[in-house]
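Here the structure comes first, spelled out in structure tokens, and everything after it is commentary.
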Amino acid sequence: MRITLRRLAVATACTLATVAIAAESPAAANRAASADPTLGFYRQPALRGDQLVFVAEGDLWQTRLSGGTAQRLTTHAGTETLPAISPDGRWIAFVGQYDSAGDIFVMPASGGVPRRLTWDTGAVRVWGITAQNEVLYSGATDRGEPGTQLHLVDLNTGKRRALPVGQASDGALSADGKTLYFTRNGLRGDNARQYRGGAVARLWVMDLAGTAEARPLVAEGANDRRPMPYTDASGNARVAFLSDRDGTFNLWSVKADGSDPRQHTRHKGWDIRHASLSDSQAVYALGADLYRVDLNATAPEQKIAVALGGDFDQQRRRWSAKPQDYLTGVSLSPDGERVVLTARGQLATQGVGPLRRAELPRPAGLTDAGRCREAEFSSDSRDVFAVCDFSGELEIWRFAANGTSQPKQVTEGATAMRQQLLPSPDGRWIAHTDKEGVLYLTDLKAANRATATREVDRDTLGDGAQQLKWSPDGKALTYVRNTDNSYRAQLMLLTVADGKVHRLGSDRYAAASPAFSPDGQWLYFLSRRTFNVTGNPGPWGDRNMGPYFDKGWKVYALALQPGLRFPFAAPDELQSLKSKEEAEVRTQEKDKPDDKESKQKVEAAKAGGNAAKPDAKDAAPAGKGKPAIQIPGLALRLYEVPLAVGNYRRLEVEAKRLYVLEDNALKQLPIGPQESKAEVVTESVAAFELSGDGKKLMIRRTAAPGAAPEILIVDAGPKLPGELDKSRVRWSDWQIAVDPKAEWRQMFNDAWRMQRDFFYDKDMHGVDWAAMRVKYAPLVERVTERGELAEVMAQMVGELSLLHSQVAPGEVRRGPDDPASAGLGALLERDAKGWKVARIYSGDPELPSEAGPLAAPGLNIAVGTVITAINGRDATQVPDPTELVRGQAGKQVLLQLREPGGRERSVVVTPVDMRREGQLRVIDWRYGRAQAVEAAGGGKIGYLHLRAMGREDIGDFVREFYAQSERDGLIIDVRHNNGGNIDSWILQTLLRRAWAFWQPRSPHGGKVYPNMQQVFRGHVVVLANEETYSDGETFSEGFKRLGLGPVIGVTTSGAGVWLSDQNRLIDNGLMRSAENGQIVADGTFIVEGKGVTPDIQVDNLPRATANGKDAQLDAAVAWLKQAIAKEPILTPKPGPYLRPIKQ
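Going left to right, the sequence shown walks through residues -22 to -1, 1 to 1121 as mature numbering (1 follows the signal peptide of the UniProt record, and there is no 0) numbers them.
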């Protein structure tokens, strides 16, 4: 059943009545409280005695455990999150964005200037402050391995040390600091309730005073996280934690040995998202509120009444001065005078030069912002049609193009997202599609809006009709869509009068971008029918993955009536005779009455005597002044335009020329028999459009990052005018009014609709999706900043229990543009003389591009060297050397060095940005793995690691795989793989087999080459772990099912339903929706929710991992050694050579 917002109006009222009388009703409380302007959305509480700190409006606030009006502690434009209070209550540590993407700061609890403690720049999370005044936090590993590690940093000195535990996402220390309770793994970005995949959060414990390995604290099987040690009423040590073992995250506790589990809260609606504990008092965030419960008492939890005192600045109406950041559409009017712009869901029309910008109003009385998409002008250029959500569904609305009147709703009854609307030239119809693959026609002259729209075509294979184009008279509609083949779209033609759909060609070749000639005689389109090998002339050569076919698209034309002469045909003697006959007919026409029959004869003569008759069978009716389309034989009246093959992606046609977009170059080709080639009109083109009358071109050209794209309206022709000032649309000064609260409501509803319309299971995993909107909508009224809205949406999508469910805010409040952090590609430790180089991150020495700043050729900097000064500034005087290279990424920096032997010298290095710094850590880690395999395997076993499955990663695969293609064994490591979509390329490479061998003449004999070329003949294993995600998992599952070898490691994440990431919100925020599930031959879904189970289970345990051990890698090497010994890879030797047959 499709769920609509219209039906929700009744459902909401009924559900609210039910919720109001429920025993536990945080939703009802939020609705009742939403009218109170002092209430906020409270998150991430931290408790110490009676002192309560929490996050709201992206800032830190402080109140008492009993509640009351909170005091704002921070005011910086960036966000401050994850507070922790020191045991004496004097200090608050938190993650702040003062001058980085996120680092740990400390400030007095009474107020004061924050002081920076870490320079990790992002991906850090505070978990508490120990009795020794050290901040416990999770961050990147020092050893370079992807993932997180727990660290301690001293509040006073800033000295940092890593705890000997790997794979820890959060944790807490016992009061004496000797025991560490921590969470292994857990989802880091996905939102999935009752998740049970390989990355399920697990509670473990480690004795820091000893050397024993960590062990599980509680039985595994549910998500258990956020450990919080305390002492119960009997004086026994216990550990409280959050667990979803009853289906919802609640507070539980166990004894210090993991026994005696107790449930302290029993919420059934929303999950507890964050909790803090002081003595036995726990405070936690549920919904938009904070609650308290005494773990040593039997009394139920209580909501803490908190009010915010402030101006709620982020809810204030403001103006967005950068429309280019939110531009989603530009369309040209049929008369070529104006464009309609769509930015941040709002519409405006504007012409060139000083012409007035007309902002199109939204209906009065809207409670949310409303969002419009797909705006197009009417055929007379007086109106604008757009798909808008004003009614609660995405319907078509009509606006006056000059913005002088209220919009009117055109369609109703939508059950899915309407899109791709296109008004007909005769003003009668609007063609459009929806997310279900249906093509519709809406009759603009229909008296009843409810019956004005009818379905005319449906696609069961792809995304429905694409690239719609009307004939000049509005009697026919052409488009492309998938029919019998899900890979190639075919050219289609709809004749409006009879509603028939005609396929104009087979499914052998892809078609795109159809366009009618203005005279109604020709239908031009792009098609990929040329396949010339580019780059690889044959299967030989290093790293040859097969042929590549570039530039396969050409322009083709269909004659819509028989007997037409192709406009590009070269002149010939018959054409000259025909021209004389047409001249005679025109002379005779002057002396004949102006009747219908005479006109038909003249047209017949002009068309070679075969023009359409008004009573011709199977002909599409002719429009005013246009000949009828003759359907019989249409697909066979095919011509190829004499334009060189290319990578064309858009085609437009006017009376004199064709326009094509190749890559980012707009080209034009004159129509006619003369020999000519396509000439470039302009470069850097993102999009272009021809006006309805064919006289004007709208060109949108890309601009520098951060600048507004250039929009031009120029005369159609072979080149741009010399002076462009009069052709530019002045739109970058458009300031869009933003009502944050109204936008938040719209984005919440939009996100709900996106999941309904995009989610791969139309039954929404059995979840009552309408009820979910009712459940979470009240929280939106409590939201005070964009990050809080993202949390509400994350909880809502989490109800679907699926990965690929990340939610990201779009426009968030940010601080000033402080100099960006930079790094030296090394682990540095404080020294009395400066900062000592403890580790230099670098990769393969044969790849200088993988060298970090301190590993650059010629520097010869050794571990143990001390950096004493940077750009002349004493390195001992800064809390971290990063402070001295801020803003210096890509620039030369002077370092004064003191070598281990005491020699002092100076070098010039070039720091990198922090993104590259993180990459260098991973490069160093994987090169270390490769070196370990090289040594352990005696040069017979190869190793390659894939960090993800994208364009750069296939390059890594090609480089490393073929370099080791003649080894006896190979380890493909997809641990910590972030996914992508290249699994099939890698699998098909591994599936290739040597079925014969080439034996060239060789003086020494014996050398042979396999056929297939560069095939890997050895044994292969794959390493996977709980952080193997998405396409890394698809590859691992395929590797298993195709019998290519064993998978070694632990169960993977379980992200098996893929997506397109088309789900952008009005402020460019993201609401991901999983769209494409994976099944095997019997219809069973694979990977999603459960992950890939390895053939050989090997866990990298926390302490061993922190100490540099890699049990999974060791197991892979051991398995390969055994396999090679059991089944050695033999090289065949030539048998007797051929000899002539004796006579």
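Virtual Cβ for every residue (Gly too), placed ideally from N, Cα, C.
Since this is a predicted model, take the numbers as computed values, not measurements.
Asked                                                                                                                                                                : Found
Take every Cβ of the segment 802 to 813, pair it with every Cβ of the segment 1076 to 1084, and state whether three or more of those distances are shorter than 8 Å. : no
Tell me the DSSP secondary structure of V580 in three-state form.                                                                                                    : Caution applies to V580, whose pLDDT of 48 falls short of 50 and renders its modelled position unreliable; the value that the coordinates give is listed next. Reduced to three states, the DSSP call for V580 is helix.
From this set, P517, D520, G513 and G483, which residue's C-alpha is nearest F503's C-alpha?                                                                         : G483
Starting from K655, trace the beta strand (DSSP E) in both directions and tell me its first and last residue.                                                        : Careful: K655 lies outside any beta strand (DSSP E) and carries neither H nor E.
Helix, strand or coil for M395? Go by DSSP, reduced to three states.                                                                                                 : coil
Going by DSSP in three states, E354 sits in which element: helix, strand or coil?                                                                                    : strand
Using a Cβ-Cβ cut-off of 9 Å, state whether R1042 counts as contacting chain B.                                                                                      : Considering every chain present, this structure includes no chain B. It has just one protein chain.
Starting from the Cα of N1113, find the closest Cα among V986, T1012 and I1102 and give me that residue.                                                             : It is Gly, not Asn, that sits at residue 1113 in the sequence shown. Nearest C-alpha to G1113: V986.
Quick check: what's the CA-CA separation for F726 versus S359?                                                                                                       : 34 Å
Considering only residues of the same chain and omitting the five flanking positions on each side of A786, which have a CB-CB separation below 8 Å?                  : A768, G1047 and L1048
With DSSP as the reference, label F480 as helix, strand or coil.                                                                                                     : Strictly speaking, residue 480 in this sequence is His, with Phe absent from that position. In the structure shown, H480 sits in a strand (DSSP, three-state: E or B).
Can you tell me whether DSSP reads H923 as helix, strand or coil?                                                                                                    : strand
Tell me the rounded alpha-carbon separation between Q553 and I649.                                                                                                   : 17 Å
Would you mind reading off the limits of the alpha helix (DSSP H) that contains residue 1138?                                                                        : Outside the modelled stretch of the chain, which goes from -22 to 1121, sits residue 1138, for which no answer is possible.
Are the CB atoms of A153 and A109 within a distance shorter than 9 Å?                                                                                                : yes
Would you list the one or two residues that DSSP bridges to A643?                                                                                                    : E640
Exposed or buried, which one is A10 when buried takes at least 16 other CB atoms within 10 Å?                                                                        : Any reading at A10 must be qualified, since the residue scores a pLDDT of 46, below 50, and its modelled position is unreliable; no value is offered.
So, is S88 buried or exposed, given that buried needs 16 or more other C-beta atoms within 10 angstroms?                                                             : exposed
Compute the Euclidean distance between the alpha carbons of A(-1) and R174, then round it to the nearest angstrom.                                                   : For A(-1), the predicted model reports a pLDDT of 34, less than 50, meaning its position is unreliable and no value from the coordinates is stated.
Provide the residue span of the alpha helix (DSSP H) that contains F160, from first to last.                                                                         : Taken as a continuous stretch (DSSP letters only), F160 belongs to no alpha helix (DSSP H), being part of the beta strand (DSSP E) at T157 to R162.
Considering only the alpha carbon of each residue, which of A277, W1036 and H954 lies closest to L780?                                                               : W1036
Is it true that the CB of N163 sits closer than 9 Å to the CB of G149?                                                                                               : no
Under 8 Å Cβ to Cβ from G67, same chain only, skipping five residues before and after it: list those, please.                                                        : R26, G27, Q29 and A87
So, for V619: in the same chain, excluding its five sequence neighbours on each side, which residues have a beta-carbon less than 8 Å away from its beta-carbon?     : Y502, K532, V533, Y534, A535, F546, L636 and L647
Rounded to the nearest angstrom, what separates H410 and Q784 at their Cα positions?                                                                                 : 30 Å
Measuring straight from C-alpha to C-alpha, what distance separates T420 and S311?                                                                                   : 20 Å
Do F72 and L268 count as a contact pair if the criterion is CB distance below 9 Å?                                                                                   : no
According to DSSP, Y502 sits in a beta bridge with which residue or residues?                                                                                        : A493 and A535
Taking all protein chains shown into account, decide if N588 is buried (16 or more other Cβ within 10 angstroms of its Cβ) or exposed.                               : With a pLDDT of only 42 at N588, under 50, the local geometry of the prediction cannot be trusted, and the value read off the model is given with reservation. The residue in question, N588, is exposed, as its Cβ has fewer than 16 Cβ neighbours within 10 Å.
Figure out for me which residue from R295, D224 and D202 has the closest Cα to the Cα of A218.                                                                       : D202
Three-state secondary structure (DSSP) at G933?                                                                                                                      : helix
Shortest alpha-carbon distance to G452 belongs to which of A490, G498 and V479?                                                                                      : G498
Is D77 buried or exposed, if buried means 16 or more other CB atoms sit within 10 Å of its CB?                                                                       : buried
Using a Cβ-Cβ cutoff of less than 6 Å, which residues in the same chain neighbour L1116 once the five nearest sequence positions on both sides are dropped?          : none
Taking just the CA atoms, how far does A910 sit from G916?                                                                                                           : 10 Å
Would you call the CB atoms of L668 and E640 closer than 9 Å?                                                                                                        : no
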